[in-house]
Every structure is written in C-alpha cells, then in structure tokens.
Amino acid sequence: MEKDIKRLGKLFSKIDGFASTPKRWRNIALAQEAFEFMTTRLPLRVEGELSPYTRVRLLDMMMECVDELDVPRFALKVREYQLSMRALIDDAQDLATDTSFDDYTGDAAGYRRQLDVFDDVERARQKLADYIDPAVSDDEWMERYHATLRFCPVERTEQWEEVIYEVERRCYNKTRLSWRGMGFCFKYWSIKRDVLAAMGIDWQSPQEMNPRCRFD
Numbered sequence: 007m008e009k010d011i012k013r014l015g016k017l018f019s020k021i022d023g024f025a026s027t028p029k030r031w032r033n034i035a036l037a038q039e040a041f042e043f044m045t046t047r048l049p050l051r052v053e054g055e056l057s058p059y060t061r062v063r064l065l066d067m068m069m070e071c072v073d074e075l076d077v078p079r080f081a082l083k084v085r086e087y088q089l090s091m092r093a094l095i096d097d098a099q100d101l102a103t104d105t106s107f108d109d110y111t112g113d114a115a116g117y118r119r120q121l122d123v124f125d126d127v128e129r130a131r132q133k134l135a136d137y138i139d140p141a142v143s144d145d146e147w148m149e150r151y152h153a154t155l156r157f158c159p160v161e162r163t164e165q166w167e168e169v170i171y172e173v174e175r176r177c178y179n180k181t182r183l184s185w186r187g188m189g190f191c192f193k194y195w196s197i198k199r200d201v202l203a204a205m206g207i208d209w210q211s212p213q214e215m216n217p218r219c220r221f222d
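With positions in the sequence shown counted from 1, the corresponding number in the working numbering is that position plus 6.
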C-alpha cells in the first residue's frame, strides 16, 4: 500500500510540475493515469493518507493543471466521481485525516467548508456536461458561461478529445525550440491546423473564429 501511495504522489508531483510549462499537454495522459490508479488500485480510505474528502481535493488540484475543455468527457467523469464522494464523507473520520488542507479546523465549521467544495465541483460538472451536449449551441454555451472568445465547434466533439494529446505532442515537438514571445500564438495555431488537417480534422484557430480580436 505504501508503494501505491508513493506512486500516486509521484504522478501528482509530475502533473503539478508540468502545469505552468509548455509541456502542460502531458498532463492529459498523466491525469488519466492518476485518476485510473486512484479509483481502481487504492482503497477508499487509507489512514492518515486518503479519504473521500482528500480524493475530492486532490482531484480538484489535479484538474487545475489540465485544460478541461480539451478533454471534457474525461473531465466530466472526474467531476462526477468527485460528487459521488459526498455521500461517503464521515464527519469525524474524515476530519481526522484531512489536516493537510488549509480549510482544516477540526470542528463543525470545517466540516461544512468541506461540503462547500462540492458546490464548485457541481458547477464545473454542469459546465462540462453542457459543453458536450449537442442540444446546447455554441452561442448558448458562451452566454451561459460568459465566454468571450468563439471557438471552433470541432473542439466540442469526441473526435477532438481522442486526438488532442497527440496533436499537442506534435505541436510541441515542432515548436519546442521556438521563442515563445509575441507572435508565437500564430505560429502555434498554424502548426496545429496543419497537424489536425493531416488527421482529417478541419479546425479554425481562435484568430479565424474571432477576426475582430487582436492577438499577440
């Protein structure tokens, strides 16, 4: 069990390490691996290490390091799993094992704050569910979630989610030595469009979708 806990910790450490780097795309596969490992290899509770609540918080931190709208179906699966933990939280037992988080107080107020986390998770879940729902138009989704930039409709498809990791890997390999200053986005989008086209996917960049918007 100790080895499994350490392995999960190493996965989360890698995810955190890539989050603010050009290799952020690697977190797609790492997050999928970590989620699968957490939900299939580890018991619900590991004394002093893991509980339903710590699972929710760890997954929250993990998803902050992933572009959820690139993999909305996976992200939705994570959010739904988080919500399933709410009914399993035991006041006394979980408060005793969750001292590592900032909102720990060891009292009823701390327990209520634990439950407040689920409000944010539910909002994230609904946003993702609407994003992949073909009955919700692009305009409706943008208005509902106050999005300011239009996006290519193909980004909402399952096909996109299936290839995005490989697309980003190829784009990174083609741009890893490039200066990432002003104007880099145009080079990146051009390469991304070509990579997707080679896969039979017609994609329009943010610049094409928002011609009146200035990008640098």
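Using N, Cα and C, we set each Cβ at its ideal position, and we do this for glycine too.
Bear in mind that the values here come from a model prediction, so they are computed numbers and not experimental data.
Residue i: CB within 6 angstroms of a non-hydrogen atom of the ligand COA
i: G23; result: Ligands displayed in this structure: none; no statement on the ligand COA is therefore possible.
Buried/exposed call for residue i, threshold 16 Cβ in 10 Å
i: S143; result: exposed
i: K198; result: buried
i: A114; result: Note that A114 scores 48 on pLDDT, short of 50, meaning its location in the model is unreliable; the coordinates nonetheless yield the value given after this. Under this definition A114 is an exposed residue.
i: P58; result: buried
i: R2; result: There is no way to answer for residue 2, as the model of the chain reaches only from 7 to 222.
i: V160; result: exposed
i: R85; result: buried
i: A81; result: buried
i: L56; result: buried
Same chain, Cβ closer than 6 angstroms to residue i, five either side skipped, listed in chain order
i: R92; result: F124
i: N216; result: L155, R156
i: V72; result: N33, A37
i: E74; result: A81
i: L94; result: P58
Supposed contact pair residue j and residue i - C-beta distance, whole angstroms, cut 8 angstroms
i: E167; j: V77; result: 5 angstroms
Close-in-space but distant-in-sequence residues of the same chain around residue i (CB under 8 angstroms, 5 per side omitted)
i: A40; result: L14, L17, F18, I21, M68
i: V169; result: L202, M205, I207
Close beta carbons around residue i, own chain, < 7 angstroms, minus the five adjacent residues each side
i: K180; result: I197
i: L202; result: V173, W209
i: W51; result: Sequence inspection shows Arg at residue 51; the Trp mentioned does not correspond to that position. Excluding positions up to five away in sequence, the list reads S57.
Between the segment 164-175 and the segment 31-48, are three or more C-beta pairs nearer than 8 angstroms? yes
Ordered list of beta strand (DSSP E) runs contained in the segment 126-203, each at least 3 residues: none
Taking one C-beta from the segment 150-160 and one from the segment 7-15 each time, how about it: are there three or more such pairs within less than 8 angstroms? no
Given 8 angstroms, three or more beta-carbon pairs between the segment 64-84 and the segment 202-213: no
Could you tell me whether the segment 127-134 touches the segment 43-52, where touching means 3 or more Cβ pairs closer than 8 angstroms? no
Check whether the segment 213-222 and the segment 185-197 touch, using three or more Cβ-Cβ pairs below 8 angstroms as the test. The segment 213-222 vs the segment 185-197: in contact.
Jot down the residue ranges of each uninterrupted alpha helix (DSSP H) in the segment 16-102, minimum 4 residues, whole runs only, in chain order. 33-47, 58-69, 78-90
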